[in-house]
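A short worksheet on the structure shown next.
In this note's numbering, the protein residues as written are 5 to 239.
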């Protein structure tokens with residue numbers, strides 16, 4: 005399973021998933037992050053997806069499942085769409101968590117008008133940043149740089165118009181939280197428009213946008229169930 009993290013996140017979020025369930029995880033480290041921090045951060049979703057398609061080509065040529073949380077869901081979709089258009093191998097299934105469908109991408113935070121502290125407050129309300137960091141504004145600069153880079157990357161993603169809808173010929177499985185204000189259930193349900201095969205929607209009661217960490221056991225159980233079904237050819 006090839007995993008993409010949320011904006012401001014890290015591949016480390018998926019470090020232990022393989023030990024909890026029988027999953028083979030490849031957590032993607034994006035340019036400009038962690039062990040690739042000396043590389044330039046991508047400036048557009050198109051350029052990032054083109055780069056990832058090249059870097060992950062050998063892996064994606066084998067049987068795989070794509071997984072993405074929030075921004076990662078957008079990356080997974082755009083990567084699968086690019087590969088479909090060039091007749092490359094597609095995933096057995098795609099799983100997106102708390103990620104708006106491409107025809108409803110939100111405008112995002114007005115980054116150019118917000119201070120680091122204002123962005124941090126917005127993310128804290130969503131559960132993405134520990135509240136204690138708001139008490140130490142001197143820590144926010146280094147922490148906010150990758151967050152802002154990723155949020156700009158999300159804003160660069162092209163919104164798909166009605167005439168451009170091209171359902172992916174893969175099984176599509178969507179997971180969300182009932183209390184997620186960024187990607188609410190009614191929006192997640194419209195991922196169905198992009199599913200060329202089976203579609204499922206699982207909403208976790210009381211969960212918010214960062215359910216991958218806050219509701220980890222429930223999310224990983226749902227993911228493992230999807231992967232198990234792909235192995236036996238149910239999907």
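Glycine included, each C-beta is placed from N, C-alpha and C at the ideal position.
A quick note: this is a predicted structure, and the numbers were derived from the prediction, not measured.
- Taking a C-beta distance under 8 Å as the contact criterion, residue 213 and residue 164 do not qualify as a contact pair.
- The beta carbon of residue 80 sits closer than 7 Å to the beta carbons of 8, 70, 71, 72, 98 and 100 from its chain, once the five residues preceding and following it are set aside; these are given in chain order.
- Counting other Cβ atoms within 10 Å of its Cβ, residue 20 stays below 16 and is therefore classed as exposed.
- Annotation: residue 100 is outside any alpha helix (DSSP H); the continuous beta strand (DSSP E) that includes it extends over 97-101.
- Residue 199 carries a strand assignment under DSSP once its states are collapsed to helix, strand and coil.
- Taking a 10 Å sphere around the C-beta of residue 47, we find fewer than 16 other C-beta atoms and assign the residue as exposed.
- Straight across, the Cα-Cα distance linking residue 189 with residue 203 is about 14 Å.
- In the DSSP annotation of this structure, the continuous segment of the alpha helix (DSSP H) that includes residue 123 starts and ends at 120-130.
- Just so you know, the alpha carbons of residue 42 and residue 34 end up roughly 11 Å apart.
- Contact between residue 11 and residue 32 is ruled out by a C-beta separation of about 14 Å, above the 8 Å threshold.
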